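Novice: Chain order of the listed sequences is A and B. Add 1 to a position in the first sequence, counting from 1, and you land on the number used in our numbering. Add 3 to a position in the second sequence, counting from 1, and you land on the number used in our numbering. C-beta atoms are modelled at their ideal positions from N, C-alpha and C, and glycine is treated no differently. All values derive from a computational prediction rather than experimental measurement.
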Amino acid sequence: VARRLSILCVALVALPGSLCAIELPVVAHTLPNGLRVLLHEDHSAPAISSYIFFRSGSRNERYGTTGIAHLFEHMMFNGGRKYGPGAFDDQIEGNGGSTNGYTSRDITAYLNNFPREALPLVLDLESDRMGHLALTPENLEQERGIVMEERRLRIDNQVTGVMHEALYLHAFVRSPYRWNTVGFMGDLKRITLADARAYFESSYAPNNAVLVLAGDLEPDATLALVRRYFGGLPRRPAPEPVDASEPPQEGERRVTVRKAAELPAVLIGWHGVRMLDPDRPVFDVMDRLLAGGDSARLDQDLVRAHEVATEVGADSGWGIDPELFTVYAQARPGKTAATLETRIDAVMTALAEERVSDDELRKAKNQLRADFIRSLKSVSGKANQLGYFEAAFGDYRGLFGLEAAWEAVSAEDVQRVARSHLVRAQRTVVVLEPLARGSAG
Amino acid sequence: VKVLTLLLALGGAALGADELSLPPVTRATLDNGLRVMVAEYRELPLIEFYLIVGAGAAQDPPGKEGLATLTAATLTRGAGERSATELARAIESLGGQLGASAGTDGTIVSGEFLAQDFPAGLDLLRAVLLDPRFERDEVRRARDEQLAGIVAALEEPSAIAEKCYAAFLYGAHPYGRPAEGRRDAVRRLGRGDVRAYYERWYRPNNTILVLVGDLTARDALIRLREAFGAWRAAPDAIPQRAAAPEPQRERRVLLVDKPDATQTQLRFGNIALARSHPDHLPATVANTILGGGFTSRLIEELRVKRSLTYAAWSMFAARLTGGDFRLGTFTKSPTTAETLALALEVEGDFRSRPPARPALDKAKAYLRGQFPLKLESPDALAARLADIEFQGLPADELTTYRHRVAALTPDDVARAAARHMPTPETVAIVVVGKAAELRPQLGDRFGPVETVQPEACEELAARD
Chain A
2 VARRLSILCV ALVALPGSLC AIELPVVAHT LPNGLRVLLH EDHSAPAISS YIFFRSGSRN
62 ERYGTTGIAH LFEHMMFNGG RKYGPGAFDD QIEGNGGSTN GYTSRDITAY LNNFPREALP
122 LVLDLESDRM GHLALTPENL EQERGIVMEE RRLRIDNQVT GVMHEALYLH AFVRSPYRWN
182 TVGFMGDLKR ITLADARAYF ESSYAPNNAV LVLAGDLEPD ATLALVRRYF GGLPRRPAPE
242 PVDASEPPQE GERRVTVRKA AELPAVLIGW HGVRMLDPDR PVFDVMDRLL AGGDSARLDQ
302 DLVRAHEVAT EVGADSGWGI DPELFTVYAQ ARPGKTAATL ETRIDAVMTA LAEERVSDDE
362 LRKAKNQLRA DFIRSLKSVS GKANQLGYFE AAFGDYRGLF GLEAAWEAVS AEDVQRVARS
422 HLVRAQRTVV VLEPLARGSA G
Chain B
4 VKVLTLLLAL GGAALGADEL SLPPVTRATL DNGLRVMVAE YRELPLIEFY LIVGAGAAQD
64 PPGKEGLATL TAATLTRGAG ERSATELARA IESLGGQLGA SAGTDGTIVS GEFLAQDFPA
124 GLDLLRAVLL DPRFERDEVR RARDEQLAGI VAALEEPSAI AEKCYAAFLY GAHPYGRPAE
184 GRRDAVRRLG RGDVRAYYER WYRPNNTILV LVGDLTARDA LIRLREAFGA WRAAPDAIPQ
244 RAAAPEPQRE RRVLLVDKPD ATQTQLRFGN IALARSHPDH LPATVANTIL GGGFTSRLIE
304 ELRVKRSLTY AAWSMFAARL TGGDFRLGTF TKSPTTAETL ALALEVEGDF RSRPPARPAL
364 DKAKAYLRGQ FPLKLESPDA LAARLADIEF QGLPADELTT YRHRVAALTP DDVARAAARH
424 MPTPETVAIV VVGKAAELRP QLGDRFGPVE TVQPEACEEL AARD
């Protein structure tokens with residue numbers, strides 16, 4: 002039996018040599034109730050990965066109830082109408098599957114990786130909680146305490162967590178991107194069952210969701226199963242659109258975090274562009290030019306040439322709304338945050354002032370392409386990427402356009418975008434001033 | 004050259020429900036003793052190299068703790084005609100990755116390249132393994148970064164907890180020593196030390212090389228032989244392994260002070276079993292019921308019923324000559340003693356009575372169902388194949404796994420739990436948090452308490 006290819010290689014004129022752009026064959030369908038369904042066949046293991054994305058994350062929250070999208074993600078595991086408290090995890094694991102969820106600023110995702118035989122059960126479980134989640138006081142109170150513990154873990158007792166929270170709170174003034182997905186402790190304490198009900202009503206409708214199934218499946222039979230389990234869920238009014246527009250930043254913002262820590266550190270964020278902006282791939286290229294390994298610019302300057310940093314990093318955020326482009330550096334023992342900043346400034350100035358060489362640009366693009374291929378190693382990775390692009394950016398095929406978009410970035414683009422966006426007046430600088438352990442904050 | 008091709012799995016139709024279809028593995032031992040395994044993987048245009056050099060921090064000479072880590076870090080900082088920066092640029096220009104890191108028993112050298120770059124990737128790997136430069140300035144840089152990394156890790160409560168737990172439980176045994184070493188020892192390491200460690204241990208007769216990727220096994224083997232055939236064996240390259248660690252008998256507590264913490268990290272456990280112990284599989288099944296997955300007893304009692312924590316887990320850290328059972332969780336400072344007492348009770352209760360049948364069935368289904376997913380990525384498969392060889396496990400370990408899990412009886416699992424999970428009265432407990440608040444909470448309820456600063460844990464590993 003000839004095996005159907007689960008990855009297609011599509012000739013791409015813009016790529017050098019015999020390279021081709023990767024595409025995943027997808028059967029896409031929208032049910033009458035608005036549920037978007039993506040199916041991808043891959044028979045390399047007798048397993049299936051399911052993802053349900055809701056087009057709702059902390060971006061859809063309001064002051065006073067920050068953290069509700071993530072708190073809600075927790076509540077989704079605590080029972081529907083047919084399956085009671087605890088049954089979801091029990092059924093999944095008892096049938097050889099694993100389950101999890103995650104929440105970002107833009108979306109909330111629920112995933113299961115399971116043996117193919119469990120597909121009808123998984124669809125039944127997912128449909129039960131999408132349609133009929135049990136919103137009880139017990140469910141809310143249980144998860145409230147757990148999520149507060151998660152916040153203590155990820156933010157309050159984590160130096161970089163505190164720095165990231167401070168950066169977004171100061172870089173954004175009006176956009177809901179400003180608060181962390183886990184929410185403020187005060188809001189976590191006061192979210193009510195009525196808030197949870199309202200959030201469920203507005204966000205967890207089939208027409209606000211994308212279901213992805215990837216793995217050892219047959220598309221026609223699978224689609225029939227999906228119709229059976231999800232076709233009866235009613236369409237509901239779409240959530241209110243989010244206006245995340247920001248007033249222009251008129252100058253540099255500086256924040257000091259004083260916290261018990263061993264080493265000083267600096268985190269800088271510049272306002273970038275939204276995912277669908279034609280200039281966004283340029284930010285990905287700049288991320289690799291700056292921090293794509295030991296030969297990249299920040300490593301070469303801060304770690305190697307000047308020996309002032311233990312660790313450097315850069316991140317070009319992908320968002321429905323304009324995200325931040327961030328650079329991070331942690332000082333060596335005996336070095337200061339001011340020294341880190343001086344060196345970062347020099348590196349950023351060079352990026353804007355001097356044309357990047359063809360070899361260096363090629364290196365960045367090759368890294369992006371290889372990382373993209375790496376993200377497709379598992380059926381879960383593929384389902385995640387497909388669903389994320391469909392839910393957050395409107396079309397899963399955006400994933401297949403990444404390679405060509407990176408390839409099209411020129412040295413002039415890098416210089417132009419660095420000059421227009423990575424400028425002092427557009428940045429927010431978070432400086433960590435370490436306090437000795439035991440001194441008062 | 005002896006070449007032996009083992010078909011680890013048969014093709015589609017003949018498969019029973021519990022067998023697993025895996026790519027065939029071609030095995031060879033080169034004349035210099037290098038053990039090679041090659042598996043074809045055709046899903047993505049990738050090549051994975053995964054090597055285990057059979058020496059690690061356990062082979063650090065006394066007073067030179069951290070040397071295996073420093074040697075691994077310097078290995079990829081210049082090789083052949085390439086300086087450190089030239090080498091990094093060559094790897095990264097291909098979108099590739101190549102790195103090395105030392106554990107206690109072995110050192111892992113791994114690389115990933117696009118399939119089209121197989122020859123170039125192999126050339127880079129060969130240079131790094133056979134012809135590292137170890138320039139004085141690069142050794143100094145790697146040493147300074149290692150020292151800075153030791154300081155930076157003192158900011159991470161969970162990293163502190165892991166390091167302190169190993170040191171507190173194992174003491175001077177190699178499994179208690181952090182691979183990155185003690186600061187006073189690392190500071191004194193130099194080029195001569197690194198070169199000596201490399202010359203002694205980085206030998207083909209002490210190395211396993213696994214290649215998984217989008218290539219033909221036959222061709223790949225020819226290339227590997229060309230690349231590594233000239234690597235010289237040395238008779239004294241196979242280390243004498245450390246003796247099995249001894250369990251501790253009396254419960255005791257290490258309180259690690261983090262005065263700024265609002266959350267306490269907890270770990271406890273005792274010496275358990277080596278990876279090659281025949282009980283490893285039933286012990287793993289038992290552990291899945293107690294502290295694996297999302298429906299474990301620990302999650303149920305600590306998280307679901309009481310919201311004391313976000314996560315709770317247990318595991319057997321099973322290694323070459325021994326290992327330990329450990330349990331971990333965290334909670335807000337005021338509920339530290341309550342959480343610790345409950346975790347001890349749940350663990351003690353679990354090991355002393357046979358697991359309920361539904362819980363056992365669920366754990367078995369979970370392990371069997373998840374197993375194919377643990378091997379679907381080419382890098383994961385390469386790592387697993389190398390580890391099986393390194394631990395001396397049977398070559399059919401992977402293909403028979405699901406069958407062996409299915410065949411375990413409730414008695415097998417209960418016996419393994421009772422034998423290898425510690426009685427709560429004997430465990431080593433590590434508590435990382437705000438000591439001023441925790442000391443009165445703990446009192447002497449859990450045993451004698453020793454209070455230390457986070458940086459002192461590296462010294463615990465040096466004492467007997």
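Strictly by DSSP, which residues pair up with Thr104 (chain A)?
Specialist: Here residue 104 (chain A) refers to the residue found at position 103 when the first sequence is read from its first residue. Beta-bridge pairing links Thr104 (chain A) to A:Thr109.
Novice: Since Val283 (chain A) contacts Val357 (chain A) with CB under 8 Å, what's their CB separation in whole angstroms?
Specialist: Locating residue 283 (chain A) in the first sequence gives position 282, counting from the first residue. Locating residue 357 (chain A) in the first sequence gives position 356, counting from the first residue. Not quite, the Cβ-Cβ distance comes to about 11 Å (not below 8 Å), so this is no contact.
Novice: Determine the DSSP secondary structure at Val215 (chain B), reduced to helix, strand or coil.
Specialist: Here residue 215 (chain B) refers to the residue found at position 212 when the second sequence is read from its first residue. Reduced to three states, the DSSP call for Val215 (chain B) is strand.
Novice: Cβ closer than 8 Å: which chain C residues qualify as neighbours of Asp147 (chain B)?
Specialist: In the structure shown, chain C cannot be found, because the protein chains are A and B.
Novice: Cβ closer than 7 Å: which chain B residues qualify as neighbours of Gln386 (chain A)?
Specialist: Here the question's residue 386 (chain A) lines up with position 385 in the first sequence. Ordered by position in chain B, no residue passes the 7 Å Cβ test against Gln386 (chain A), which lies about 13 Å from the chain.
Novice: Count the C-beta pairs between the region 238-250 of chain A and the region 107-122 of chain A that are closer than 8 Å, then say yes if the count reaches three, no if not.
Specialist: No: fewer than three Cβ pairs fall under 8 Å.
Novice: Report yes if the C-beta distance between Leu257 (chain B) and Tyr168 (chain B) is below 9 Å; otherwise report no.
Specialist: Position 254 of the second sequence, counting from 1, holds the residue named residue 257 (chain B). Position 165 of the second sequence, counting from 1, holds the residue named residue 168 (chain B). A contact, by the Cβ cut-off of 9 Å.
Novice: Can you check whether the C-beta of Pro26 (chain A) is within less than 9 Å of a C-beta belonging to chain B?
Specialist: By one-based count along the first sequence, residue 26 (chain A) stands at place 25. No, Pro26 (chain A) does not count as interfacial toward chain B.
Novice: Quick one: measure Cβ to Cβ for Thr429 (chain A) and Gly270 (chain A), integer angstroms, because I've assumed they're closer than 8 Å.
Specialist: By 1-based counting over the first sequence, the position of residue 429 (chain A) is 428. By 1-based counting over the first sequence, the position of residue 270 (chain A) is 269. That belief holds up - the Cβ atoms of Thr429 (chain A) and Gly270 (chain A) are roughly 5 Å apart, short of 8 Å.
Novice: For a contact defined as C-beta to C-beta under 8 Å, what are the partners of Arg92 (chain B) on chain A?
Specialist: Numbered from 1 along the second sequence, position 89 holds the residue referred to as residue 92 (chain B). Chain A residues near Arg92 (chain B): Ser296, Lys364.
Novice: For Gly36 (chain B), which three-state DSSP category applies?
Specialist: To locate residue 36 (chain B), count along the second sequence from 1; it is residue 33. Gly36 (chain B) falls in the coil class under three-state DSSP.
Novice: Quick one: what's Tyr329 (chain A) bridged to in DSSP?
Specialist: Working through the first sequence from its first residue, we reach residue 329 (chain A) at position 328. For Tyr329 (chain A), which the question treats as bridged, DSSP gives the partners A:Leu268, A:Gly314.
Novice: Which ranges would you report for the beta strand (DSSP E) in the region 108-186 of chain A if only whole runs of at least 3 residues count?
Specialist: Here the runs fully enclosed are 109-116.
Novice: Whole-angstrom Cβ separation of His272 (chain A) and His165 (chain A), contact assumed at under 8 Å?
Specialist: If you number the first sequence from 1, residue 272 (chain A) lands on position 271. If you number the first sequence from 1, residue 165 (chain A) lands on position 164. That belief does not hold up - the Cβ atoms of His272 (chain A) and His165 (chain A) are roughly 16 Å apart, past 8 Å.
Novice: Cβ closer than 9 Å: which chain B residues qualify as neighbours of Val380 (chain A)?
Specialist: Taking the first residue of the first sequence as 1, we reach residue 380 (chain A) at position 379. Correct list: Leu376, Glu379.
Novice: Relative to the alpha-carbon of Glu142 (chain A), which residue among A:Phe89, A:Asn79, A:Thr100 has its alpha-carbon at the smallest distance?
Specialist: For this step, residue 142 (chain A) is matched to residue 141 along the first sequence. Of A:Phe89, A:Asn79, A:Thr100, the residue nearest in Cα terms is A:Asn79.
Novice: What first and last residue would you give for the beta strand (DSSP E) that runs through Asp91 (chain A)?
Specialist: The sequence position of residue 91 (chain A) within the first sequence is 90, counting from 1. Here Asp91 (chain A) belongs to no beta strand (DSSP E); instead the alpha helix (DSSP H) covers 88-95.
Novice: May I have the straight-line CA-CA distance separating Gly325 (chain B) from Arg305 (chain A), to the nearest angstrom?
Specialist: Taking the second sequence and counting its residues from 1, one reaches residue 325 (chain B) at position 322. Taking the first sequence and counting its residues from 1, one reaches residue 305 (chain A) at position 304. Distance between the alpha carbons of Gly325 (chain B) and Arg305 (chain A) is about 39 Å.
Novice: Which residues mark the beginning and the end of the alpha helix (DSSP H) in which Val197 (chain B) is found?
Specialist: Stepping through the second sequence from its first residue, residue 197 (chain B) is reached at position 194. It spans 194-204 - the alpha helix (DSSP H) in which Val197 (chain B) sits, taken as one unbroken run.
Novice: Evaluate contact between the region 350-370 of chain B and the region 396-411 of chain B, counting only Cβ atoms and requiring at least three cross-stretch pairs below 8 Å.
Specialist: Yes, the region 350-370 of chain B is in contact with the region 396-411 of chain B.
Novice: Counting only beta-carbon separations shorter than 9 Å, does Val348 (chain A) have a partner in chain B?
Specialist: Sequence index remark: in the first sequence, residue 348 (chain A) carries index 347 (1-based). False, the Cβ-Cβ gap to chain B never drops below 9 Å.
Novice: Excluding the 5 residues flanking Trp234 (chain B) on each side, which residues of the same chain have their C-beta closer than 6 Å to its C-beta?
Specialist: Mapped onto the second sequence, residue 234 (chain B) falls at position 231. Closer than 6 Å at the Cβ level, and outside the excluded window around Trp234 (chain B), lie Asn35, Leu133, Pro207.
Novice: Would you please state the rounded distance, in angstroms, between the beta carbons of Arg198 (chain A) and Leu136 (chain A)? I believe it to be under 8 Å.
Specialist: Residue 198 (chain A) sits at position 197 when you count from the first residue of the first sequence. Residue 136 (chain A) sits at position 135 when you count from the first residue of the first sequence. Correct: roughly 5 Å between the Cβ atoms.
Novice: Would you list the one or two residues that DSSP bridges to Ile50 (chain B)?
Specialist: For this step, residue 50 (chain B) is matched to residue 47 along the second sequence. Paired residue(s): B:Phe116, B:Gly216.
Novice: I want to verify the contact list: residues of chain A whose CB lies under 8 Å from the CB of Pro413 (chain B), in sequence order.
Specialist: Position 410 of the second sequence, counted from the first residue, corresponds to residue 413 (chain B). The premise fails here: Pro413 (chain B) is roughly 16 Å from chain A at the closest Cβ pair, so nothing lies under 8 Å.
Novice: Can you tell me which residues form a DSSP beta bridge with Gln1 (chain B)?
Specialist: The structure shown does not extend to residue 1 (chain B), since chain B is modelled only from 4 through 467, so no value can be given for it.
Novice: Less than 9 Å between the C-beta atoms of Ala320 (chain B) and Leu214 (chain B), yes or no?
Specialist: By 1-based counting over the second sequence, the position of residue 320 (chain B) is 317. By 1-based counting over the second sequence, the position of residue 214 (chain B) is 211. Not a contact, by the Cβ cut-off of 9 Å.
Novice: Can you check the region 161-197 of chain B for any alpha helix (DSSP H) of at least 4 residues that lies completely inside it and give the ranges in chain order?
Specialist: Correct list: 186-189.
Novice: Could you confirm whether any beta carbon from chain B is found closer than 9 Å to the beta carbon of Gly314 (chain A)?
Specialist: Along the first sequence, read from residue 1 onward, the residue named residue 314 (chain A) stands at position 313. Output row for Gly314 (chain A): interface = no.
Novice: For Phe328 (chain B), which beta-bridge partners are listed by DSSP?
Specialist: By 1-based counting over the second sequence, the position of residue 328 (chain B) is 325. DSSP output for Phe328 (chain B) lists B:Asn273, B:Phe319 as bridge partner(s).
Novice: Does any residue of chain B bring its CB to less than 9 Å from the CB of Glu94 (chain A)?
Specialist: Along the first sequence, one-based indexing puts residue 94 (chain A) at 93. Chain B contact via Cβ: present.
Novice: CA-CA distance, Val131 (chain B) and Arg228 (chain B)?
Specialist: Locating residue 131 (chain B) in the second sequence gives position 128, where the first residue counts as 1. Locating residue 228 (chain B) in the second sequence gives position 225, where the first residue counts as 1. Distance between the alpha carbons of Val131 (chain B) and Arg228 (chain B): 16 Å.
Novice: Drop a sphere of 10 angstroms on the beta-carbon of Pro361 (chain B), count the other beta-carbons inside from all chains shown, and report buried for 16 or more, exposed for fewer.
Specialist: Taking the second sequence and counting its residues from 1, the one referred to as residue 361 (chain B) is at position 358. Classification of Pro361 (chain B): exposed, given that the 10 Å Cβ count is below 16.
Novice: Which residues of chain B have a Cβ atom closer than 8 Å to the Cβ of Ile1 (chain A), listed in chain order?
Specialist: No answer is possible for residue 1 (chain A): the residues shown for chain A start at 2 and end at 442.
Novice: To the nearest angstrom, how far is it from the Cα of Val2 (chain A) to the Cα of Val28 (chain B)?
Specialist: Numbered from its first residue, the first sequence carries residue 2 (chain A) at position 1. Numbered from its first residue, the second sequence carries residue 28 (chain B) at position 25. Note that Val2 (chain A) scores a pLDDT of 35, beneath 50, so its modelled location is shaky; the value from the coordinates is reported in the next line. Distance between the alpha carbons of Val2 (chain A) and Val28 (chain B): 22 Å.
Novice: Which residues in chain A sit within 7 Å of Phe333 (chain B), going by Cβ to Cβ distance?
Specialist: Taking the second sequence and counting its residues from 1, one reaches residue 333 (chain B) at position 330. The contacting residues are Leu154.
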